[in-house]
Every structure is written in structure tokens, then in C-alpha cells.
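See structure below.
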Amino acid sequence: MQEIPMTSKKQPQHPLDDLIRTDRIPHIWCPGCGIGTVFSACLAALKASGINLQKTVMVSGIGCSGRAAGYVKLDSFHTTHGRAIPFATGLKLANPELNLVVFSGDGDLFAIGGNHFIHAARRNMDMTVICVNNLNYGMTGGQVAATTPYMAKSTTTPAGNPELPFNLPLMAYACGATYVARWTMLHIRDLTDSITEALCKKGFSFIEALSPCPVNYGRRNKQKPLDMLKLYQEKAIIKNHADPSTLDIDFEKGIILGKFIDLDRPTFIEHYDKIYRPSRLQENVPELNS
Amino acid sequence: MKPAVLTGEYFMTGDVACAEGALAAGCRFFGGYPITPATEIAERMAIRIPHVDGCFIQMEDEIGAMASVLGASWGGVKSMTATSGPGFSLMMENIGLGICTETPCVVVNVQRGGPSTGLPTHGAQGDMMQARWGSHGHYEIIAIAPSSPQEIFYLTITAFNLSEKYRLPVLIMTDEIIGHMSEKVIIPEAKLIKTVSRPKPKGRKDRFKPFAPGPNGVAPMPAAGEGYNLHITGLTHDEKGYPVMDVETQTEMMSRITEKIQRNLDDIIRTDSYLLEDAEIAVVSYGISARTSMAAVIEARKMGIKAGLLRLVTIWPFPEDQIRKLADRVKGFVTVEINLGQIHREVERCVGGKVPIFLVGHPGGTIIHPDRVVKMLKEAF
Chain L
0 MQEIPMTSKK QPQHPLDDLI RTDRIPHIWC PGCGIGTVFS ACLAALKASG INLQKTVMVS
60 GIGCSGRAAG YVKLDSFHTT HGRAIPFATG LKLANPELNL VVFSGDGDLF AIGGNHFIHA
120 ARRNMDMTVI CVNNLNYGMT GGQVAATTPY MAKSTTTPAG NPELPFNLPL MAYACGATYV
180 ARWTMLHIRD LTDSITEALC KKGFSFIEAL SPCPVNYGRR NKQKPLDMLK LYQEKAIIKN
240 HADPSTLDID FEKGIILGKF IDLDRPTFIE HYDKIYRPSR LQENVPELNS
Chain V
0 MKPAVLTGEY FMTGDVACAE GALAAGCRFF GGYPITPATE IAERMAIRIP HVDGCFIQME
60 DEIGAMASVL GASWGGVKSM TATSGPGFSL MMENIGLGIC TETPCVVVNV QRGGPSTGLP
120 THGAQGDMMQ ARWGSHGHYE IIAIAPSSPQ EIFYLTITAF NLSEKYRLPV LIMTDEIIGH
180 MSEKVIIPEA KLIKTVSRPK PKGRKDRFKP FAPGPNGVAP MPAAGEGYNL HITGLTHDEK
240 GYPVMDVETQ TEMMSRITEK IQRNLDDIIR TDSYLLEDAE IAVVSYGISA RTSMAAVIEA
300 RKMGIKAGLL RLVTIWPFPE DQIRKLADRV KGFVTVEINL GQIHREVERC VGGKVPIFLV
360 GHPGGTIIHP DRVVKMLKEA F
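This is how it looks when you write it as C-alpha cells:
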């Protein structure tokens with residue numbers, strides 16, 4: 000952890016201030032929104048991980064969570080809707096020394112950007128993907144998403160959602176992610192620890208962070224701002240290594256949280272170097288398990 | 000490691016020559032997706048780019064391919080992709096991101112008949128206006144049109160050099176006919192090839208502004224990981240790169256991305272001519288159709304018709320001055336292109352009604368026969 004400089008005249012610094020573009024504060028996130036908490040967890044994890052932050056890049060897509068790239072004081076890219084992962088893929092392949100953090104929302108990563116998520120996980124592209132899941136499209140005013148629960152109301156499902164949502168950890172696992180975890184923004188220590196672990200881990204890591212959207216989701220589903228947090232507290236079941244097929248979010252029966260997958264397999268770059276660029280291997284000798 | 004520049008004489012297709020030109024220009028990342036008739040560029044790059052310590056990846060679609068190319072460019076590497084009509088359509092949004100974030104890269108469109116799936120195995124020049132305006136919003140773009148495999152080799156190097164110098168995606172608008180045509184291609188010695196790389200910033204990193212233009216209107220460009228804490232966004236942004244949602248910032252940003260092209264037209268625009276000095280009728284064409292036109296000009300001259308060819312190498316920014324000057328001294332114009340009048344309208348705009356102008360067009364699927372151009376030259380004037 001970095002020491003906090005104690006200056007007598009100035010306002011005391013927040014311990015994460017050196018990772019924030021303070022000249023861009025106040026941020027755009029609404030009162031009661033959980034993205035800031037997930038963002039703080041991410042910043043705390045970046046510090047705790049000990050990775051070289053000068054070589055760390057945050058890439059976001061479009062949406063409320065996508066604004067994170069605009070507040071982090073790292074090299075940061077706010078790309079097009081759904082395309083953070085392929086943009087990050089290009090950065091990683093151009094310079095494998097870079098640590099890639101994709102921070103974006105459920106709509107961005109799993110609807111418009113779903114195809115890229117699937118294939119980056121399949122390739123085991125070395126990056127950490129943090130998905131803030133607030134169950135709807137917040138920035139555009141609360142439309143149905145690929146994560147909206149069955150029968151939940153949104154501006155485009157006014158009588159209830161007729162579709163079933165994705166089980167994100169199952170999808171990540173099925174596609175080949177080597178690290179998969181889910182927490183809520185209320186479980187901040189666990190979330191921070193998971194992000195820290197993921198940042199230090201080679202390969203495609205995925206963390207789902209459930210986060211309330213009281214203004215656009217809660218309001219239409221008879222939830223007061225604290226109701227979702229109460230659900231996170233009362234319905235959370237921490238079950239590490241749970242079978243990913245059992246992880247559908249069910250606010251009545253319970254929401255299973257934990258670290259579900261943590262395994263090792265060679266990354267895209269390791270395979271590519273082994274097959275196409277053996278001269279790089281001689282310089283850099285990564286261990287290949289298969 | 001093998002040489003990036005394969006000095007020698009070859010019998011090569013346009014697609015392969017394009018890939019070799021890219022490697023000679025210093026391209027070290029290719030993010031692609033297969034599509035006829037551009038696939039051979041990706042296939043050549045898949046073989047060759049690891050030989051020069053570069054990286055090839057076949058992405059899941061053209062949207063991802065274009066995004067990866069932009070990411071790689073910010074990773075500090077010259078990068079490109081190659082596609083055809085349907086893929087070009089899918090790349091449009093991220094081409095706009097490249098323009099807005101002033102990201103150097105090269106996009107090759109080996110044009111085929113459209114619209115939609117169209118004629119995958121047959122050539123056309125129907126995407127010329129899409130190249131100009133295909134991404135949303137107002138912007139300037141650079142697009143160039145090679146006329147042979149030899150020229151695509153050189154113009155791919157030019158495309159990279161322009162993209163690095165002016166920090167924007169540069170489009171190579173070729174077609175199936177040149178892409179699949181085999182001709183002699185001479186690759187010169189590496190030391191004879193001039194390559195340009197983006198200017199790197201100097202001075203204090205904490206005060207650096209990634210969009211503060213230099214003397215030629217272009218800002219120096221660091222890569223990710225170099226300690227600048229860059230913020231790069233497709234939102235309207237100020238010189239620091241920070242999003243600012245107001246009319247003043249929009250106006251300033253638009254000036255930056257348009258004026259860097261408009262102020263450097265003499266450096267960017269390339270045209271070529273044949274028997275144009277004493278010509279009474281100017282034939283204006285580009286790409287494969289310029290070769291049709293040249294054959295027609297030769298034939299017309301034999302008949303005593305004083306025709307000459309203005310070949311547009313740069314299509315965008317459009318060579319307006321060249322056309323306007325010609326309009327003051329010729330009796331008429333003929334444009335030749337494999338579409339139903341795209342560049343024709345631009346020529347018409349610049350001629351401004353001073354002299355008559357006629358189109359020899361084709362809906363796509365084949366080369367235009369020189370006889371059709373000769374017939375027009377004989378009958379229209």
C-alpha cells in the first residue's frame with residue numbers, strides 16, 4: 000500500500016487519489032449507483048496486486064460502467080459500444096508487456112459485445128474483464144438487458160421481461176475463462192481480493208460484480224434504493240467452486256457468490272509464440288503446460 | 000527472423016503485393032476476418048508477419064478486427080486490416096473511432112459487387128462514397144486507389160506513411176480485379192523504401208496533451224505503457240483527451256481532425272496523367288478503370304480524338320483543384336468507373352457546368368471494356 004502524504008494545509012488525500020483523474024470529478028454516476036464502489040474495489044486491487052501500473056491499461060466500452068476508463072489515472076481507452084475486448088486484444092498483442100483491464104457493463108460486454116467476450120475467453124487472451132452487472136441499460140434510461148431477470152420491468156418491457164437472462168459465470172466458464180468469480184458491490188473485500196487475484200493471474204479472468212441501479216432499475220421494480228443492497232445481504236450464498244451451471248441469479252432463492260473457476264492453461268500469446276515465433280520464447284521462456 | 004522487404008522480381012497478385020507492401024512499410028499487426036476477394040491478404044500476412052516478429056490474429060468478425068487494429072496502433076505498432084464490402088460496412092463505426100481518436104492504421108477494401116452480399120468473386124468500385132462518408136458524422140479521410148499489383152505494393156507503403164504522419168485510418172480502395180490479378184512486381188532494396196513513423200512526444204509527461212496539434216496540425220502520439228496516463232475516448236474531447244460535452248469543444252475537435260487534412264492537400268493528393276497536356280477531352284478515372292481508360296485514350300488518339308487521362312491516385316481528399324484547372328481548358332470530361340456514378344458526381348461538382356461531362360459506368364461484376372469509353376469519346380463530343 001502506498002503511504003498517504005500528510006500535508007497540513009491541503010485536504011487530506013484519499014488513498015486512491017493517485018489512481019484517479021481528480022480533475023474529472025465529480026463523476027456522472029447517480030446517487031445510489033454501485034459502479035463507484037466496484038471502481039474503488041478495482042483501484043484498491045490494482046494497488047494491492049503490485050503489478051506495474053505504468054504498464055497497466057484500462058479499456059471500457061460504452062455505458063455507465065464504461066465511463067470508468069475516464070476516471071482512472073492509467074492509460075485508459077473509452078472505445079465503441081461492445082468493443083472494449085477486441086480493442087484490448089489489439090493492445091495486448093501489440094505489446095504483451097501490458098496488463099489489460101476491461102471494465103464495462105453487462106449490456107456492453109454481453110449483448111452488443113457478447114461475441115467478443117466468447118472468443119477472447121476461448122483464446123484465453125490474457126486480460127482481466129470486470130463486468131458491473133446492474134441488470135439493465137442504465138445510461139439510456141433503463142431498458143431491458145441480456146441480464147434482466149424474467150418478468151422484471153424496464154422501459155422496453157413495461158409489462159415484464161419475457162426473456163430469460165444469461166448466467167454470466169457459466170458463459171465465461173463454458174467459453175474457456177481461466178478465472179471466474181462473482182461478488183456484489185456490498186461484498187467489497189471479497190470483490191477486491193478477487194480482482195487482485197485476477198490481475199495477478201495469467202489468462203482470461205472474469206469477475207461479475209452485481210451492482211444496484213436504483214434510478215433506472217429499482218424505480219421500475221418497486222425497489223427503494225437500499226432494497227437491492229438488502230437483497231445482496233440477505234440472499235447471498237457464498238459458495239466457492241460452485242458448479243457454474245447452478246449460478247442463475249434468483250433473488251428469491253439466493254444469489255450464489257464466490258470464486259468458481261481458477262485454473263491454468265496457456266494463453267493465446269504463449270501458443271502463438273510457440274508455434275509462430277519461437278525466437279520470442281528463447282528470450283522470454285514462459286512455461287507451457289500443454 | 001526473415002527480411003521484411005523481399006527484394007526481387009516476382010509474379011504476384013495484387014493481394015499478395017499489398018501484404019508485402021505493408022510489411023515493407025513496417026506493419027507488425029494484422030487483425031482480420033476472411034472475406035472474398037481480400038482473404039489472400041490475410042493469408043499472406045498469417046504466413047509472413049511472424050517472420051518479422053509481428054502478430055496475426057483472425058478475429059471473430061470485422062468489427063472486432065477493426066477494434067483490434069486500433070488497439071494495436073495505441074500499443075505502439077503499425078497495424079492494418081483488409082476486407083471487402085460487407086466487412087467494410089461492419090468496420091465503419093470503428094473507423095470513425097479511429098478518426099475521432101486520431102489513430103494511425105490502414106484499412107484495405109478489395110471491392111466486389113454490391114449492395115449486400117452482391118458479387119463476392121467479381122470486381123466493382125461501388126464503395127467509393129462509403130469510403131468518404133461511411134462512418135457517421137462529418138470528417139476528413141484519406142483514400143487511395145492503386146491500378147496494378149506493382150502500384151498496390153508502393154501505395155500500401157504510402158498509405159502507412161500518410162496514416163502515421165496525419166494520425167488517421169487511411170483506406171486503400173482497390174478491387175477484386177487488381178486483388179486477384181497476377182503481374183510483375185518489383186520489390187526494391189529495403190534502403191530505397193522510405194517509411195514514416197508517428198512523431199513521438201518530447202518534454203514532461205505529466206503536461207503532455209495527446210491532441211494538442213503540432214506545426215502541421217498533428218499531435219505527437221505516445222503508446223500505451225509509456226507513462227503518459229493517456230485518456231483516449233470516442234466522445235468529443237479537448238486537447239487533453241478529456242470528454243467535454245459542449246459546442247466549443249466539438250468545434251475545436253472538428254477543426255483539428257478536418258484541418259490537418261485540408262491544410263496539407265499538396266502533400267497528400269497524388270494524381271497521374273497521360274497525354275493530358277494537349278488534351279481536349281479529359282478522361283478521369285482510377286484503379287482498374289484507369290487502365291481501361293488509358294487503352295481508350297490510346298485508341299482515341301489513333302482516331303484523331305485529342306483525349307487525355309487524369310488518373311486519380313488519391314480519391315479522398317478529392318483532387319478538386321486538378322479538376323477545376325482542367326475544366327478551364329478542356330472541351331469536356333468523361334469519367335470511367337465500375338459503379339453508376341460516384342466519383343462522376345464529384346467531378347461534375349468541380350467542373351461546375353463549365354463544360355459537358357459524361358459517365359461510362361457499370362453496375363459491377365466486370366472490367367469496363369475500353370471500346371465503351373472510345374464510343375463515348377467518339378459520340379459525345
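Sequence order for the protein chains is L and V.
Read in numbering that gives the first Met the number 0, the first sequence has 102 at position 103, and its numbers run on one by one without any break.
Read in numbering that gives the first Met the number 0, the second sequence has 243 at position 244, and its numbers run on one by one without any break.
Where a beta carbon is used, it is the ideal one built from N, C-alpha and C, also for glycine.
Predicted model, so just to flag it, every value in this text is computed and none were measured.
- Distances from the alpha-carbon of L/GLY140 to those of L/VAL214, L/ASP16, L/LEU90 put L/VAL214 closest.
- Between V/PRO33 and V/GLY178, the C-beta gap is not smaller than 8 Å, which leaves the two residues out of contact.
- Runs of the alpha helix (DSSP H) lying entirely within the segment 136-173 of chain V and spanning at least 4 residues, in chain order: 148-165.
- Around the C-beta of V/TRP132, fewer than 16 other C-beta atoms lie within 10 Å, and the residue is accordingly described as exposed.
- Taking 8 Å as the cut-off between beta carbons, the residues of the segment 66-82 of chain V near chain L are ALA66, SER67, VAL68, LEU69, GLY70, ALA71, SER72, TRP73, GLY74, GLY75, VAL76, SER78, in sequence order.
- Annotation for L/TRP28: no beta strand (DSSP E) segment contains it, and DSSP assigns it neither H nor E.
- Proximity to L/THR146 across L/PRO224, L/PHE250, L/ALA173 peaks at L/PHE250, based on C-alpha coordinates.
- Between V/ILE186 and V/ILE143, the CB-CB gap reaches or exceeds 8 Å.
- It is roughly 18 Å from the alpha-carbon of L/ALA43 to the alpha-carbon of L/MET126.
- Distance between V/THR100 and L/ALA176, taken at the CA atoms: about 31 Å.
- Three or more beta-carbon pairs separated by less than 8 Å are not found between the segment 48-68 of chain V and the segment 68-76 of chain L, which leaves the two stretches without contact.
- For the segment 133-159 of chain L, the beta-carbon criterion of a distance under 7 Å to any beta-carbon of chain V is satisfied by none of its residues.
- DSSP lists no bridge partner for V/ARG43.
- Taking the beta carbon of V/ILE34 as reference, no residue of chain L falls within 7 Å; the closest one sits roughly 17 Å away.
- With a 10 Å radius around the Cβ and a threshold of 16 neighbouring Cβ atoms, L/GLN232 comes out exposed.
- Per DSSP, the continuous alpha helix (DSSP H) segment holding V/ILE297 begins and ends at 286-301.
- When the beta-carbon positions are compared, L/LYS54 and L/LEU97 come within less than 8 Å of each other.
- Between V/ALA223 and L/LEU225, the alpha-carbon positions lie close to 40 Å from each other.
- Within 10 angstroms of the beta-carbon of V/ILE141 lie 16 or more other beta-carbons, which makes it buried.
- V/ALA64 and L/PRO11 have their alpha carbons spaced roughly 46 Å apart.
- DSSP, read as helix, strand or coil, puts V/PRO242 in strand.
- Straight through space, the alpha carbons of V/LYS353 and V/MET58 are spaced by roughly 50 Å.
- Judged by pairs of C-beta atoms under 8 Å, the segment 273-293 of chain V does not touch the segment 235-253 of chain V, as fewer than three such pairs exist.
- For L/ASN114, the neighbours in chain V by C-beta distance under 9 Å run, in chain order, GLU59, ASP60, ILE62, GLY63.
- Taking the Cα of L/TYR216 as reference, the smallest distance to any Cα among L/MET57, L/PRO157, L/SER39, L/THR195 is reached at L/PRO157.
- Residue pairing from DSSP places L/VAL56 in a beta bridge opposite L/ASP74, L/LEU99.
- The beta carbon of V/THR291 does not come within 8 Å of any beta carbon belonging to chain L, so the residue lies off that interface.
- Check the Cα spacing between V/GLY226 and each of L/ASN123, L/LEU52, L/ALA47: the tightest is with L/LEU52.
- The C-beta of L/ASP249 comes no closer than 8 Å to any C-beta of chain V.
- When secondary structure is reduced to three states using DSSP, L/ASN94 falls in the coil class, being assigned neither helix nor strand.
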